[in-house]
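Residue 106 in full-length UniProt numbering sits at position 106 of the sequence shown; the count goes up by one each step and never skips. C-beta: ideal position from N, C-alpha, C; glycine also. Right, one structure below, let's go through it.
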Amino acid sequence: MDDITELAAELGRRLQRVNAHVTTAESCTGGGIAEAITRIPGSSAWFEAGYVTYSNRQKTQQLGVPAELFATVGAVSREVVEAMVRGAQQKSLARFAVAVSGVAGPDGGSPNKPVGTVWLAWGVGETVISEQLFFAGNRDEVRRQTVKAALEGLLQHVAAEISNQG
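Pasting the structure below:
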């Protein structure tokens, strides 16, 4: 079992422990996080939905991301991933969510957002936590690292919920 599959399996165990569901809202990973989760037998018990919103139009139509954000801050931004994660939670009713948007390459980068720039947001109930990361490597490597970071963040947030429950 590879490291991403192990992370997804552990996520499932933890989500079942707190009787919660997760949803994903993905751009640069193209559904890779949802694919990793659904590799796990029985994931239908804790995986609610996956949204692959590659275009800005779909981020707005499917997740309710305000269209004006794309002109003001761009798709690869804190504001957009936070709106994506909120939209995914609202549509799916999942307690936990992750959203990602980034520049996987090999082109599409800029001086302000070079290839490897990724924004992630995690939704935990009413709380949203976001983080910008920078990954090195080719397109596949950036996408794989993003999937791994997304799952690791979910694991941390579910673990915190387990700790809070005693």
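For residue 1, the number of other beta carbons within 10 angstroms of its own is below 16, and it is reported as exposed. Ranked by Cα distance from residue 40, the first of 103, 92, 3, 29 is 3.
Membership of residue 132 in the beta strand (DSSP E) is indicated by the continuous run 127-134. In this structure, DSSP gives residue 72 a helical state, which the three-state scheme calls helix.
With distances taken between CA atoms, residue 102 lies nearest to 140 out of 18, 124, 165, 140. The C-beta of residue 26 has 16 or more other C-beta atoms within 10 Å across all chains shown, which makes the residue buried. Residue 88 is positioned such that its CB atom lies closer than 8 Å to that of residue 63.
Secondary structure of residue 8 (DSSP, three-state): helix. Residue 71 is classed as exposed because its beta carbon has fewer than 16 other beta carbons within 10 Å across all chains shown. Residue 81 places its beta carbon 8 Å or farther from that of residue 97.
When C-alpha distances from residue 153 are compared across 143, 163, 134, 124, the shortest belongs to 124. Checking the DSSP bridge columns, you'll see residue 77 has no partner listed. Here residue 50 is near residue 31, since their CB atoms are less than 8 Å apart.
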